[in-house]
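Next up, the structure:
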């Protein structure tokens, strides 16, 4: 059973384990600094599909399939799947996963979705509501551009604060440690969780998501540190996804006002995914698939290799829509935290 | 701890209880057969807001506020809120609930969202991951029309199979029965759950959601009956939401092929919400707010009054988007079941 620690944090006493994980990306991401770590890289951004949306669905299908294979688990042995993405009505998830025949629970947390799905799947396995659950998310540059900004053909110019939506998907299989079949080989478990409250600092610029999301990330991290009585130096890495360059700096500044210095251990998936000098994406990467693909490849690989032991993963999401922005609304944001331990 | 029954069903042994509930609707719904049962009815469909989306957000704000009041619980005493709606990026939920300062977990299950949020909130309270959790959803005729179909000003004609998206919201507060503060007065608890698998029978007509969703409802109900070894006659009511007239008939026909006759106990929120003769809405009502408002007012009131004892609530959702339909895709659907007992 999970036990509540402080006001916002849950400690998972059964310690659900990560049985398998996979990251799948597109061409630009495969050319970034972490290119060698992804399980699959596509040179064709359309993945051979007839639309960007279908290509994004395919990313999820592949990520789940690879993660199941690596876990040595059949899809019939999975009790439920938690999935979400950025597209209207989460169609990447519903169309990408409809053929799996696994009980499906759609999630919407914008770019925090990898943390949200991983956290809820962990609670389900911890509580025995599922023996094995899947957490998966995706994003695609081309489907996101035309839905949130402009069709690619328009050739719109991006502002310096804009982040580049990554083409990618990450999937993790979470298992109950009390289940014999699922306890093989895994060295990563979910130790604790903090679900975030919505923050809104009044940022209205839909091309500066990092600024909108930074307060949510800072708040959830502070909630977690307060609840657990730990400090940033107790962790090998505090990994946000995806604040980019501007949001990461703002988050560090916000925390410094409360005398919390994370600079020595903080990194951000939006910073890690592209090479700032060779791949100009302005303020960094973003999209659920950015943190999803990095967490479910490079980070988990480093943990299994013994190079990272304690990772606080903070998924951050901007909860607006083009309609809300057109109506003059500010951008509410949220961040969820998952403490992974190897 | 929940215990799994059969392949797809979970029995909740701690029996999470419904501490409070509220249904809020618009003018047309208040003029329907259940008008007297709603906690609040708005004569002005805009709720005094400057956009339909803001009006829909307000429905959620009010439903949660009323449900908390009826439960005698402060918002600071709620551990997390599960919310979702039909709008792109679930903005009714995020904007309607951002000021609550409660950890927020966005859900996307289309019109199955009331069942999905209620089910996940029940597992969280059952497992001790939350002492008290909120489940809420909404829909609004005007915001849904312009997003999914045509702007109202266009005056598009509706087909005979079309359902009318209800303007409404339903909210329920779920509590752990082991918590002293929350055990007062409640007579309704969540006994069991079945999460649905995505079905897709190839229906492409976005104006015939009932037909698309009927197979999902039939499948989840069959899963539940198989898992539990019960029959339809073991329940006072099997309540779907929202298949409307066409989908309800199709669901009954599908089940009859497997010799399951639900006709004596089946009702559907999309049928109950409007008067077929006086309020012509063609194939009935729909939208997350339809089943949300009816479940969280009339149905729960009947249960507390001792007129209903065993209710299987089946939320049904069509998981397509305008984009997927424009790309020629079929309509995948899902249904989740919550067994409520008084």
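Chains as they are written, first to last, in my numbering: chain B, 596 to 937; chain E, 596 to 937. Note that the Cβ used here is the ideal one computed from N, Cα and C, for glycine as well.
- Under the three-pair Cβ rule at 8 Å, the region 872 to 892 of chain E counts as touching the region 833 to 851 of chain E.
- Beyond the five residues adjoining it in sequence on each side, residue 755 of chain B comes within less than 6 Å, by CB distance, of 877 in the same chain, given in chain order.
- Rounded to the nearest whole angstrom, the CA to CA distance from residue 799 of chain E to residue 744 of chain E is 15 Å.
- Annotation for residue 607 of chain B: no alpha helix (DSSP H) segment contains it, though the beta strand (DSSP E) segment containing it runs 604 to 607.
- For residue 807 of chain E, same chain residues with a beta-carbon under 6 Å away, outside a window of 5 residues either side, are 798, 913, 926 and 928 in chain order.
- Of the other Cβ atoms in all chains shown, fewer than 16 fall within 10 Å of the Cβ of residue 852 of chain B; this residue is therefore exposed.
- Under DSSP, the beta-bridge partners assigned to residue 675 of chain B are B:728.
- With a cutoff of 8 Å on beta-carbon distance, residue 654 of chain B and residue 764 of chain B are scored as near each other.
- When the beta-carbon positions are compared, residue 620 of chain E and residue 762 of chain E come within less than 8 Å of each other.
- Separation of the CB atoms of residue 731 of chain B and residue 658 of chain B is rounded to 6 Å, and the pair is thereby assigned contact status at 8 Å.
- Between residue 736 of chain B and residue 708 of chain B, the CB-CB gap reaches or exceeds 8 Å.
- Setting aside the 5 residues that flank it on each side, residue 818 of chain B is surrounded in the same chain by 603 and 789, each with a C-beta closer than 6 Å to its C-beta; the list follows chain order.
- Within the region 725 to 809 of chain B, complete beta strand (DSSP E) segments of at least 3 residues are found at 727 to 734, 763 to 770 and 784 to 789, given in chain order.
- DSSP assignment within the region 850 to 930 of chain B yields the following whole alpha helix (DSSP H) runs of 4 residues or more, N-terminal first: 864 to 867, 883 to 889, 895 to 899 and 917 to 921.
- If you ignore the 5 residues before and after residue 815 of chain E, its C-beta comes within less than 7 Å of the C-beta of 789, 791, 909, 930, 931 and 932, all in its own chain and listed in chain order.
- Residue pairing of residue 596 of chain E in beta bridges, as defined by DSSP: absent, with no partner found.
- Annotation for residue 834 of chain B: the continuous beta strand (DSSP E) segment containing it runs 832 to 836.
- Residue 662 of chain E has its alpha-carbon roughly 9 Å from the corresponding atom of residue 668 of chain E.
- Residues of the region 813 to 847 of chain E with a C-beta less than 8 Å from any C-beta of chain B: none at all.
- If the five residues before and after residue 628 of chain E are omitted, its C-beta is found closer than 6 Å to the C-beta atoms of 870, all from its own chain and listed in chain order.
- Listed in chain order, the non-local C-beta contacts of residue 859 of chain E below 8 Å within the same chain comprise 827 and 828, local neighbours out to five positions each way being set aside.
- Listed by position along chain E, the residues whose Cβ is nearer than 8 Å to that of residue 653 of chain B form an empty set, because the closest Cβ is around 13 Å away.
- Across the structure, residue 801 of chain B and residue 706 of chain B are spaced so that their CA atoms are roughly 14 Å apart.
- Look at residue 929 of chain E: its C-beta is under 8 Å from a C-beta on chain B.
- For residue 893 of chain E, the CB contacts under 6 Å within the same chain, skipping 5 residues up- and downstream, are 629 and 632 in chain order.
- Listed along the chain, the chain E residues whose CB falls inside 9 Å of the CB of residue 797 of chain B amount to none; the nearest CB is some 12 Å away.
- DSSP lists E:619 as the bridge partner or partners of residue 635 of chain E.
- For residue 935 of chain B, there are no neighbours in chain E by C-beta distance under 7 Å, as the nearest C-beta there is about 18 Å away.
- For residue 627 of chain E, there is no enclosing alpha helix (DSSP H), as DSSP marks it with neither H nor E.
- When CB distances to chain E are screened at a threshold of 8 Å, the residues of the region 709 to 723 of chain B falling below it are 711, 715, 718, 719, 721, 722 and 723, in chain order.
- By the 16-neighbour rule on beta-carbons within 10 angstroms, residue 830 of chain B is buried.
- Under the three-state reduction of DSSP, residue 692 of chain E is assigned to helix.
- For residue 675 of chain E, the closest alpha carbon among the candidates E:696, E:711 and E:923 is that of E:696.
- Excluding five sequence positions before and after residue 803 of chain E, the CB atoms of its chain that fall closer than 6 Å to its own CB belong to 756, given in chain order.
- In this structure, residue 769 of chain E lies near residue 717 of chain E, with their beta-carbon atoms less than 8 Å apart.
- Within the region 636 to 648 of chain B, those residues whose Cβ lies closer than 7 Å to any Cβ of chain E are, in chain order, 646 and 648.
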